[in-house]
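Below is one structure, written out as structure tokens; the observations come after it.
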Amino acid sequence: MSAGGPESGPLVGIVMGSDSDWPVMEAAAQALAEFGIPYEVDVVSAHRMPREMLAYGEQAAGRGLRTLIAGAGGAAHLPGMLAAVTPLPVIGVPVPLKHLDGMDSLLSIVQMPAGVPVATVSVAGARNAGLLAARILGAHDGELRDRMAAFQQELNDLATEKGRRLRT
Ligand code: RP5
């Protein structure tokens, strides 16, 4: 699956270990869509399709992707293995499974060795992964940065309004 304008290929690759991760990961796609950022979505399991997973990571930058969002659950090696083979920033999303409340996924993703960073968001924090990717791209795109600042102002206004309602 991919979403992007005809003039530009995807800038963000959203990948996951299984299609069963999609109900969590689709929030990343939703966030990118809100900011008009073209993205692609795929399943590249680190354990079930390791060669394809390595090829995806190795080819990502050359294909024009600028950031990867990788989600996995359980023994969640996908974000770290991608970070090992790409120079792109990798954002890891711990997907909670039936057991252990996602702690296994979180610890598998966050405890990376020095030299191979993965920016890990909260358990099931796919929306923040999408927003973080937007900020990374916005570092070199003033228009996108302005949209992020407007979004932050909306959050501010909403929180202020909620406080005002409680006070009255
Ligand atoms: C992980 O195993 C996937 O990321 C998924 O979270 C989990 C279960 O996968 P399925 O058995 O549902 O395909 O690699």
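If you read the sequence shown in the UniProt record's numbering, its first letter stands for residue 1, the second for the next number, and so on. Every residue gets a Cβ at the ideal spot worked out from N, C-alpha and C, and that includes glycine.
query, result
"Quick check on the DSSP output: the beta strand (DSSP E) that includes THR67 runs from which residue to which?", "67 to 73"
"Bridge partners of ILE91, per DSSP?", "ILE69 and ALA119"
"Taking the C-alpha atoms as reference points, what is the distance between ASP19 and VAL43?", "6 Å"
"Does the structure place the stretch 71 to 78 close enough to the stretch 31 to 49 that three or more beta carbon pairs sit under 8 Å?", "yes"
"Since MET16 sits in a beta bridge, which residues does DSSP pair it with?", "VAL43 and GLY71"
"Between which residues of its own chain and PRO6 is the CB-CB distance below 7 Å, once the five residues before and five after are set aside?", "Because the pLDDT of PRO6 is 44, which lies under 50, any placement of that residue in the model is unreliable, and the number read from its coordinates should be weighed accordingly. Taken in chain order, the list of residues that qualify is empty."
"Please classify GLU40 as buried or exposed, where buried requires at least 16 other C-beta atoms within 10 Å of its C-beta.", "buried"
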